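Numbering (UniProt numbering), first residue to last: 1 to 253.
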């Protein structure tokens, strides 16, 4: 018996054209954005609740106590659960890119309790596009001066993944506050292999761990050579704590 299977080719090209024509209006819809923010933040809360931390995981309260106010930093692709590093009742001011792509991330972070400033991690240029980044760094510096800890992703969006940019180092110099590298990892995750930063989406019902190390301290009188040295130090430390976090999760299986 031959099954009656429809073998006509699917018009995937037409479907893609339709999606491209409607995704712009959808992205600009306040109602759609609000619904997405609600869904994503709810999902992240559920993931947090169902991924207890391994014994020996760093306690955010202790990190705040030891270094307050501090500059918390991690890599792109490992940042989705960063709002849960904020101890209850303590403010955390976070920088998000000014790009349209980061708008949803910023709104989710705000819903999860972060105070938001918009800017760029900085490539060290002096173009008009960097002015927003300079204003954001100034806002973070003022937050630190006022006793609030801050958070900034170390590598630059769509730049070289896992390599610290200059923005976080400059913030350390301007504020005189320690930069704390964080590795926050989950045993159950979906890695988006085609994304530039290999984003790891955490999944429910696993284990999690927070790993840190000695902070990077940038002297307020640091010259360009010292800034580059500290940038490399931060890159090395972030890669080390991230690798350790995943290794410890693997050992706990």
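Ideal placement from N, C-alpha and C gives every residue a C-beta, glycine not left out.
Note that this is a predicted model, so its numbers are computed, not measured.
*For residue 242, which three-state DSSP category applies?*
Correct three-state label for residue 242: helix.
_Cβ-Cβ separation, residue 185 to residue 208 (assumed contact under 8 angstroms), whole Å_ = Indeed, because the Cβ distance is near 7 angstroms, the residues count as touching under 8 angstroms.
*Residue of 178, 214 and 88 minimising C-alpha distance to residue 112*: In this structure, 88 is the residue among 178, 214 and 88 with its C-alpha nearest to the C-alpha of residue 112.
_Selected residue, minimal CA-CA separation from residue 61, among 82, 45, 90 and 76_ = Comparing Cα positions, the closest option is 90.
*Sorted by chain position, which residues of the same chain lie with C-beta nearer than 8 angstroms to residue 257's C-beta, five sequence neighbours on each side aside?*
In the structure as shown, the chain starts at 1 and stops at 253, and residue 257 therefore has no counterpart that could be examined.
*Residues of its chain near residue 104, where Cβ-Cβ distance is below 8 angstroms and the 5 sequence neighbours each way are ignored*: Answer for residue 104: 33, 36, 37 and 40, listed in chain order.
*asked:* I need the straight-line Cα distance from residue 114 to residue 83, nearest angstrom please.
replied: Straight-line Cα distance between these residues: approximately 7 angstroms.
*Could you check if residue 250 is buried or exposed, using at least 16 other CB atoms within 10 Å of its CB as the buried criterion?*
It counts as exposed.
_Test item: CB-CB of residue 217 and residue 234 under 8 angstroms_ = It is not a contact, given that the beta carbons lie outside the stated cut-off.
*Uninterrupted alpha helix (DSSP H) stretches inside the region 43-95 (no shorter than 4 residues)*: Runs of alpha helix (DSSP H) with 4 or more residues, each lying fully within the region 43-95, are found at 60-67, listed in chain order.
*asked:* DSSP three-state label for residue 232, please.
replied: Helix.
*Since residue 269 sits in a beta bridge, which residues does DSSP pair it with?*
Past the boundaries of the shown model lies residue 269; the chain is included only from 1 to 253, so the question cannot be answered.
*asked:* Tell me the rounded alpha-carbon separation between residue 45 and residue 157.
replied: Using only the alpha carbons, I get a separation of about 25 angstroms.
*Environment of residue 29 [buried if 16+ CB atoms lie within 10 Å]*: With fewer than 16 Cβ atoms within 10 Å of its Cβ, residue 29 is classed as exposed.
*How would you write the range of the beta strand (DSSP E) that residue 212 sits in, first residue to last?*
Per DSSP, the continuous beta strand (DSSP E) segment holding residue 212 begins and ends at 208-212.
*asked:* Going by C-alpha to C-alpha distance, which of 242, 211 and 151 sits closest to residue 59?
replied: Among 242, 211 and 151, the Cα nearest to that of residue 59 belongs to 211.
*Just how far apart, CA to CA, sit residue 110 and residue 142?*
The alpha-carbon atoms of residue 110 and residue 142 are separated by roughly 19 angstroms.
_Taking the alpha helix (DSSP H) that residue 148 belongs to, which residues open and close that run?_
If you look at residue 148, you'll find it isn't in any alpha helix (DSSP H); DSSP assigns it neither H nor E.
*Would you tell me roughly how many angstroms separate the C-alpha atoms of residue 159 and residue 225, rounded to the nearest one?*
If you draw a straight line from the Cα of residue 159 to the Cα of residue 225, it is about 22 angstroms long.
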